[in-house]
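Just so we're aligned: the sequence shown equals residues 9 to 246 in this note's numbering. Here a beta-carbon is modelled for each residue, glycine too, at the ideal position from N, C-alpha and C.
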Amino acid sequence: MDSNFLQGKNPKTAIQKTAFQKPRHWVFTSVAILSLCGALVSTSGCTNLLRTIVVLTHDPNVKPEYDIVKKRVALVTTVDGMSTKDASALVMSNGFKALIKKELKKKVVFIDQEEVDRAFNDQPLESKNFAEIASQTGADCVIFVDIKDLKLKRDKTLYQGSCQCAVKVYEPDAGKSSVYQEEINDLVHPSGGKPITECTEAQFRGHYLSLLARRASRLFYKWDPNEDYAQDAAAAAL
9 MDSNFLQGKN PKTAIQKTAF QKPRHWVFTS VAILSLCGAL VSTSGCTNLL RTIVVLTHDP
69 NVKPEYDIVK KRVALVTTVD GMSTKDASAL VMSNGFKALI KKELKKKVVF IDQEEVDRAF
129 NDQPLESKNF AEIASQTGAD CVIFVDIKDL KLKRDKTLYQ GSCQCAVKVY EPDAGKSSVY
189 QEEINDLVHP SGGKPITECT EAQFRGHYLS LLARRASRLF YKWDPNEDYA QDAAAAAL
């Protein structure tokens with residue numbers, strides 16, 4: 009016979025108490041476990057957890073200096089401020105456009121180069137108005153890349169590229185003053201020189217100007233700051 013009945017207790021009430029005690033015990037146990045886990049994270053793993061979050065959320069790439077996304081761009085590249093038809097200017101211009109198109113895909117439209125060159129040549133030789141060039145070509149901005157004092161040899165036996173390069177941006181409504189400007193005067197490459205017997209001058213010219221084009225173009229898109237470390241190795245591979 010049921011002991012609860014012998015003791016004068018209602019069996020139904022006893023069953024209800026037992027049923028309620030088990031869930032209540034489970035809740036208390038769960039809270040205790042969660043509290044312990046929280047304490048462990050806060051004491052030993054909090055720093056590592058925060059570091060992981062920072063690494064996952066931090067973008068190591070360098071942000072663009074000037075945004076040309078969804079813009080119509082007129083590119084003018086000159087050597088010593090003169091001809092846009094110079095061989096070095098053409099190599100630089102083609103390299104610049106190729107890199108922008110690679111990094112920004114179809115988000116940028118370049119104005120037809122012949123139209124840009126025609127507008128450039130219409131301007132007075134000593135006083136170019138790039139805002140007018142932008143208006144004449146229907147561009148949202150003009151990117152002007154001017155290469156000066158371009159050298160490809162350190163001496164008679166070694167190639168070593170160096171130059172002074174100014175990158176300026178003009179907008180049609182901003183007048184004759186540039187809205188952005190950056191100087192690239194520290195690209196001396198390769199650091200130890202390259203023997204002239206290892207490649208032709210045309211090959212080295214193309215290589216050096218491709219590096220210069222990358223330095224100039226990445227002002228307009230995000231780039232990895234580690235990419236410069238392999239420059240001298242690239243020269244050795246020529």
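Cα-Cα separation between residue i and residue j, rounded to whole angstroms
i	j	result
alanine 106	arginine 226	12 angstroms
threonine 92	threonine 85	6 angstroms
threonine 205	aspartate 181	51 angstroms
tryptophan 34	aspartate 67	With a pLDDT of only 48 at tryptophan 34, under the threshold of 50, the placement of this residue in the model should not be trusted; the figure read from the coordinates follows. Looking at the two C-alpha atoms, the distance is approximately 44 angstroms.
isoleucine 76	lysine 113	12 angstroms
alanine 95	valine 87	9 angstroms
methionine 90	methionine 100	14 angstroms
glycine 146	tryptophan 231	29 angstroms
aspartate 154	glutamate 73	18 angstroms
leucine 217	glutamine 168	12 angstroms
serine 186	proline 198	32 angstroms
phenylalanine 104	leucine 220	9 angstroms
proline 132	arginine 126	12 angstroms
aspartate 120	alanine 241	35 angstroms
asparagine 102	lysine 109	11 angstroms
Expected contact under 8 angstroms - CB spacing of residue i and residue j to nearest Å
i	j	result
leucine 246	glutamine 211	6 angstroms
isoleucine 141	alanine 97	At roughly 16 angstroms, the Cβ-Cβ gap does not stay under 8 angstroms, so isoleucine 141 and alanine 97 are not in contact.
tyrosine 237	glutamate 111	Not a contact, Cβ separation roughly 19 angstroms.
arginine 223	isoleucine 192	5 angstroms
glycine 214	arginine 162	In fact, because the Cβ distance is near 18 angstroms, the residues do not count as touching under 8 angstroms.
Cβ neighbours of residue i in the same chain (closer than 6 angstroms, five flanking residues each side left out)
i	result
threonine 51	Because the pLDDT at threonine 51 is just 48, under 50, the model does not fix this residue reliably, and the point stays unresolved.
valine 117	Arg80
lysine 159	Ser170
lysine 156	Asp88 and Gln172
glutamate 235	none
valine 196	Ser170
Counterpart residues of residue i in DSSP-defined beta bridges
i	result
phenylalanine 118	Val81
phenylalanine 152	Val84 and Lys176
glutamate 190	Val175
histidine 197	Gly169
lysine 202	Tyr167
valine 70	Trp231
lysine 110	Paired residues: none, contrary to the question.
lysine 159	Ser170
Sequence-distant residues of the same chain with beta carbon closer than 7 angstroms to residue i, five excluded per side
i	result
phenylalanine 152	Val84, Phe138, Lys176 and Tyr178
threonine 165	Pro203 and Ile204
valine 70	Lys230, Trp231 and Pro233
lysine 184	Asn137 and Ala139
cysteine 207	Leu246
glutamate 209	Leu160
Given residue i as reference, the closest of the options once Cα atoms are compared
i	options	result
aspartate 194	Asp181, Thr208 and Ala174	Ala174
valine 124	Cys149, Ser135, Ile108 and Gln172	Cys149
aspartate 130	Asn102, Ile119 and Gln144	Gln144
Proximity test, residue i beta-carbon vs the ligand GDP heavy atom, cut-off 7 angstroms
i	result
glutamate 140	The ligand GDP is absent from the structure shown, which contains no ligand whatsoever.
Neighbourhood of residue i by C-beta, 8 angstroms cutoff - its chain only, sequence neighbours within 5 removed
i	result
lysine 78	Lys115 and Val116
phenylalanine 128	Val84, Thr92, Lys136 and Ile141
glutamate 122	none
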